[in-house]
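First to last, the sequence lines map onto chains A and B. The working numbering runs 129 ahead of the 1-based position in the first sequence. The working numbering runs 297 ahead of the 1-based position in the second sequence.
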Amino acid sequence: GDSVTQMEGPVTLSEEAFLTINCTYTATGYPSLFWYVQYPGEGLQLLLKATKADDKGSNKGFEATYRKETTSFHLEKGSVQVSDSAVYFCALTLWSGGGADGLTFGKGTHLIIQP
Amino acid sequence: SQTIHQWPATLVQPVGSPLSLECTVEGTSNPNLYWYRQAAGRGLQLLFYSVGIGQISSEVPQNLSASRPQDRQFILSSKKLLLSDSGFYLCAWRPRQGNNSPLHFGNGTRLTVT
């Protein structure tokens, strides 16, 4: 079946450090890929997405590129802030045109940014 | 624009008591609706999904149930809560015809069973 693997952390960085959170996937077709962010006590917010190979999603300084050859969708940010502390989820979906097709999520990566 | 509402935000219930969590979506029609659970320190588990009124699919057998009495209303219930039902419950929606579209989540309900 489809699956998403990401580093679970916690990942602890200093403010202004470079961030990479790895995400790899296994899927039977050509999925769309997403990164969600969950701040403490809140629901999940869509951070960025990519729907086909070589697409780059970006938002709030975060970027991720859909790499079909390595089945990866790593999240990066050049300079993190304390406010980026949260749990980040990588997810995929495969649309079959009629079913409910909920997303398949990774287990989440807890990111802690220290001032 | 579309919005999704969940309530209550937090809930503390004794073991054996009933449960009813409600979720409503505004600004769209015929959405697919989902209930997820997030246990402490763990990932997201899909519990139920619905593609229409009265149509519920269960992903994980347990003592929870779901209902969709109206197009944009999704309810999660239990007749008797267990300690293991504690967790963070998230409702989500996506367009019925969404082509690989993302899920949009509510703010969640923190349930503590004591």
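Just so you know, even glycine gets a beta-carbon here, dropped at the ideal spot from N, CA and C.
N-terminal and C-terminal residue of the beta strand (DSSP E) that residue i is part of
i         : result
Thr155(A) : Cys152 to Thr155
Phe246(A) : The structure shown does not extend to residue 246(A), since chain A is modelled only from 130 through 244, so no value can be given for it.
Phe371(B) : Gln370 to Ser375
Tyr386(B) : Gly384 to Arg391
Gly206(A) : Contrary to the premise, residue 206(A) reads as Lys rather than Gly in this sequence. First-last of the beta strand (DSSP E) with Lys206(A): Leu204 to Lys206.
Ile243(B) : The structure shown does not extend to residue 243(B), since chain B spans only 298 to 411, so no value can be given for it.
Tyr217(A) : Ala215 to Thr222
Tyr333(B) : Asn329 to Gln335
Gly186(A) : Lys185 to Asn188
Ser132(A) : Ser132 to Gln135
Rounded C-alpha distance that separates residue i from residue j
i         : j         : result
His239(A) : Val216(A) : 4 Å
His302(B) : Trp390(B) : 11 Å
Leu142(A) : Ile241(A) : 6 Å
Asn151(A) : Thr406(B) : 29 Å
Tyr165(A) : Thr233(A) : 12 Å
Gly188(A) : Val312(B) : Here residue 188(A) is Asn; the residue named in the question, Gly, does not match the sequence. Whole-angstrom Cα-Cα distance: 43 Å.
Asn360(B) : Ser208(A) : 45 Å
Tyr386(B) : Tyr333(B) : 6 Å
Glu137(A) : Ala337(B) : 14 Å
Ala193(A) : Phe218(A) : 13 Å
Ser212(A) : Gln394(B) : 35 Å
Gln299(B) : Arg369(B) : 11 Å
Thr411(B) : Thr180(A) : 43 Å
Gln174(A) : Phe371(B) : 20 Å
Ala306(B) : Phe345(B) : 19 Å
Ser381(B) : Asp183(A) : 42 Å
Val357(B) : Ala363(B) : 12 Å
Gln135(A) : Gln210(A) : 21 Å
Glu198(A) : Leu162(A) : 14 Å
Pro328(B) : Pro399(B) : 12 Å
Phe147(A) : Ser214(A) : 14 Å
CB-CB length for residue i against residue j, believed under 8 Å
i         : j         : result
Gly186(A) : Leu177(A) : 3 Å
Leu378(B) : Gln310(B) : 5 Å
Thr325(B) : Pro392(B) : 7 Å
Val133(A) : Tyr154(A) : 5 Å
Leu221(A) : Asp131(A) : 6 Å
Cys320(B) : Gly403(B) : 6 Å
Ser317(B) : Ser374(B) : 5 Å
Identity of the residues DSSP links to residue i by a beta bridge
i         : result
Glu319(B) : Trp304(B) and Ile372(B)
Ser362(B) : Ser374(B)
Tyr165(A) : Leu175(A) and Phe218(A)
Phe234(A) : Ala220(A)
Phe147(A) : BP columns for Phe147(A) are empty, so no partner.
Ser381(B) : In DSSP, Ser381(B) forms no bridge with anything.
Gln342(B) : Arg334(B)
Val410(B) : Gln310(B)
Thr141(A) : Ile241(A)
Ser201(A) : Thr153(A) and Arg196(A)
Gln367(B) : Gln370(B)
Within-8 Å CB hit, residue i to chain C
i         : result
Leu316(B) : Considering every chain present, this structure includes no chain C. Its protein chains are A and B.
Taking a Cβ distance cut-off of 7 Å, strictly less, list which residues of the stretch 143 to 173 of chain A are near chain B, in chain order.
Under the 7 Å Cβ criterion, the stretch 143 to 173 of chain A contributes Ser161, Phe163, Glu171, Gly172 and Leu173.
Which residues, in order along the stretch 320 to 336 of chain B, keep a beta-carbon less than 9 Å from a beta-carbon of chain A?
So the close ones are Asn329, Leu330, Tyr331, Tyr333 and Gln335.
Using a Cβ-Cβ cut-off of less than 7 Å, list which residues of the stretch 343 to 363 of chain B approach chain A; keep chain order.
So the list reads Leu343, Tyr346, Val348 and Ser354, given in the order they occur along the chain.
In the stretch 175 to 196 of chain A, which residues sit with their C-beta less than 7 Å from some C-beta in chain B, listed in chain order?
Flagged, chain order: Leu175, Lys178 and Thr180.
Between the stretch 195 to 216 of chain A and chain B, which residues of the former have a C-beta closer than 7 Å to a C-beta of the latter?
Against chain B - using a Cβ distance shorter than 7 Å - the stretch 195 to 216 of chain A contributes no residues.
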